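Below is one structure; the comments refer to it alone.
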Amino acid sequence: MQRRKCGSKCLLAPYFPPHDPHKFSIVHTIFGAANIVKILRDIPLESREDAVISMVYEARARVHDPVYGCTGIVCRLQQQVLSLQSQLATARAHLLNLQAYLLPPVFGFSSA
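Residues in the sequence shown are numbered consecutively from 11, following our numbering.
Below you can see the structure in the form of structure tokens.
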């Protein structure tokens with residue numbers, strides 16, 4: 011845990027409230043306090059909340075999977091998308107086969 015308290019004028023105070031010390035602790039463990047401050051100072055005020063949300067997510071992912079972190083999550087999601095696209099293509103092909111089998115031929119046309 012951090013040795014210093016964050017006062018009301020502290021850059022981190024709006025994003026890391028005292029009632030949720032774990033939020034800062036996990037981000038601090040992964041990024042370090044100096045890097046958190048540097049990141050927040052380097053981006054516009056209106057983007058800082060999103061940056062903190064992202065840092066918390068990335069830190070949790072890194073703690074859960076120290077080797078791949080967020081990259082592991084992205085790769086798993088990409089594999090899931092590919093699998094679902096394949097399933098969808100198979101289902102569409104099956105639907106076309108069923109429609110061709112079940113729908114009567116149009117008058118004057120035959121499939122032969």
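Backbone N, C-alpha and C fix where the C-beta goes; we use that ideal spot for every residue, glycine too.
Given the structure is predicted, the values throughout are model-derived calculations rather than measurements.
ask   = Cα separation between S93 and C85?
value = 12 Å
message = Residues in the same chain with beta-carbon distance under 6 Å from Y25, minus the five sequence neighbours each way, listed in chain order, please.
response = V62
request  = Would you kindly check if the distance between the Cβ of R70 and the Cβ of R36 is under 8 Å?
outcome  = First, the residue type needs correcting, since residue 36 is Ile and not Arg in the sequence shown. Going by C-beta atoms, I36 is nearer than 8 Å to R70.
task = Apply the 10 Å Cβ neighbour rule to H74 and answer buried if 16 or more other Cβ atoms are within range, or exposed otherwise.
result = exposed
query = Where does I50 land, buried or exposed, given buried means 16+ other C-beta within 10 angstroms?
reply = Residue 50 is actually Leu in this sequence, not Ile. So L50 ends up on the buried side.
Through-space distance from T100 to C20, alpha-carbon basis = 56 Å
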